[in-house]
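When we follow numbering that gives the first Met the number 0, the leftmost residue of the sequence shown carries the number 0, and every step to the right adds one.
Ideal Cβ placement from N, Cα and C applies to all residues, glycine included.
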Amino acid sequence: MTTKAQTSEAAGDEAAQLLDAADRLESRRDRNGRVLVTLTSIGLFVAVVGVWEFAVRSGLVHSIVLAPPSDIALAMAEMYVQSYFWDNLWFTTRALLVSFLTGSAIGLALGLLLGASSFFRRVLSPYIIAFQALPKVALAPIMVTAFGFGIESKIVMGVVICFFPVFLDTMTGLLMVSEKRLILMRSFGATRLQTLWTVSIPSALPNIFAGLKAAVTMALVGVVIGELVGSRKGVGYLVQLNSFQLNIPVVYATIITLGLIGWFSYAIIDLLDHKLVFWRDSGA
0 MTTKAQTSEA
10 AGDEAAQLLD
20 AADRLESRRD
30 RNGRVLVTLT
40 SIGLFVAVVG
50 VWEFAVRSGL
60 VHSIVLAPPS
70 DIALAMAEMY
80 VQSYFWDNLW
90 FTTRALLVSF
100 LTGSAIGLAL
110 GLLLGASSFF
120 RRVLSPYIIA
130 FQALPKVALA
140 PIMVTAFGFG
150 IESKIVMGVV
160 ICFFPVFLDT
170 MTGLLMVSEK
180 RLILMRSFGA
190 TRLQTLWTVS
200 IPSALPNIFA
210 GLKAAVTMAL
220 VGVVIGELVG
230 SRKGVGYLVQ
240 LNSFQLNIPV
250 VYATIITLGL
260 IGWFSYAIID
270 LLDHKLVFWR
280 DSGA
């Protein structure tokens, strides 16, 4: 009996060691994979910048079309120490923040309403889709005429462009909720509001955050369109102003800055996504 117990214990220890070794191997592979991805990304960036610099300096591409990266980096360094630039950046950032929050709230409310009610879905969906089909750039002059050259027209443009992905993904997320869960809640006597709050919205959160991540970049596009069409402030205005002056390195520097704003905004929403929708990452 003792021999059998010792044999079982030894087998258990051996299995534990094998599992531990497998975990270490998997961890090492993950770490090596991350290092490889990082090095490849850096190498690709260096290669693209190098080819870009060579193409302009050698005359293959005219500098009036494409400024060399070295000149763009110098323009960014000079631009970032000027208070004038930061005033315009703050103007664009404020418009982006307000338009994203407003557009997301509208999209979320419409998505919840149409996702929870087949009646409103049939009534309102055709109008929302028809509005989304309109070319938004064509609306920009109307927005400037209606709301002026200030920040208001930029906010409205951002709202008009960014609300739809939040609306669509929210409605889709609600429609994808398992029917078995809804039946179970009804069997417990839950009201529609209780079911929406405790089952439907949590189940739809991955879709909602997908819409929010798309919306934040689209809000930036809307704000910049508004600044290009009619504005005296903003990063988009700086792009247009320096384009007229043929200050190409500064044009690219401001465009890259807009890209950084969009990337940073997306990263914030993505971080919130992983923090709040934690069960998706855990595989639950």
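Asked, Found
"Range of the contiguous alpha helix (DSSP H) that encloses Met-75", "68 to 78"
"Whole-angstrom C-beta distance between Gln-239 and Leu-257, which should lie under 8 Å", "In fact, because the Cβ distance is near 12 Å, the residues do not count as touching under 8 Å."
"Straight-line Cα distance separating Leu-35 from Gly-102", "39 Å"
"Selection from Glu-52, Leu-96, Gly-188, Tyr-251 that minimises the alpha carbon distance to Val-222", "Leu-96"
"Contact set for Met-0: own chain, Cβ-Cβ below 6 Å, skip 5 residues either direction", "Caution applies to Met-0, whose pLDDT of 49 falls short of 50 and renders its modelled position unreliable; the model cannot decide the point."
"DSSP state of Pro-201 mapped onto helix, strand, coil", "helix"
"Those runs of the alpha helix (DSSP H) which lie wholly inside the segment 181 to 246 and span at least 4 residues", "191 to 194, 200 to 228, 234 to 243"
"Cβ-based burial, Thr-194 [other Cβ within 10 Å; buried from 16]", "buried"
"Three-way DSSP call (helix, strand, coil) for Pro-140 in this model", "helix"
"Reference Ile-200; option with closest CA among Leu-259, Gly-172, Arg-120, Leu-133", "Gly-172"
"Boundaries of the alpha helix (DSSP H) in which Ser-124 is found, first to last residue", "117 to 132"
"Within 9 Å, strictly: CB atoms of Ala-74 and Tyr-236", "no"
"Where the alpha helix (DSSP H) containing Val-159 begins and where it ends", "150 to 174"
"The segment 163 to 171 / the segment 100 to 117 touching (three or more Cβ pairs under 8 Å)", "yes"
"Under 9 Å between C-beta atoms of Ser-264 and Phe-99", "yes"
"Val-276, DSSP secondary structure in three states", "coil"
"Ser-57 in three-state terms, based on DSSP", "coil"
"Reference Gly-210; option with closest CA among Leu-59, Ile-224, Gly-32, Asp-269", "Asp-269"
"Supposed close pair Ile-224, Met-156 - CB separation, criterion 8 Å", "6 Å"
"Neighbour-count burial assignment, Gly-42, 16 or more Cβ in a 10 Å radius", "exposed"
"Distance CB(Gly-114)-CB(Cys-161) smaller than 9 Å", "no"
"For Met-170 and Val-122, the rounded distance between their alpha carbons", "14 Å"
"Nearest-angstrom Cα separation, counted from Ile-154 out to Thr-144", "14 Å"
"Distance CB(Leu-219)-CB(Ile-182) smaller than 9 Å", "no"
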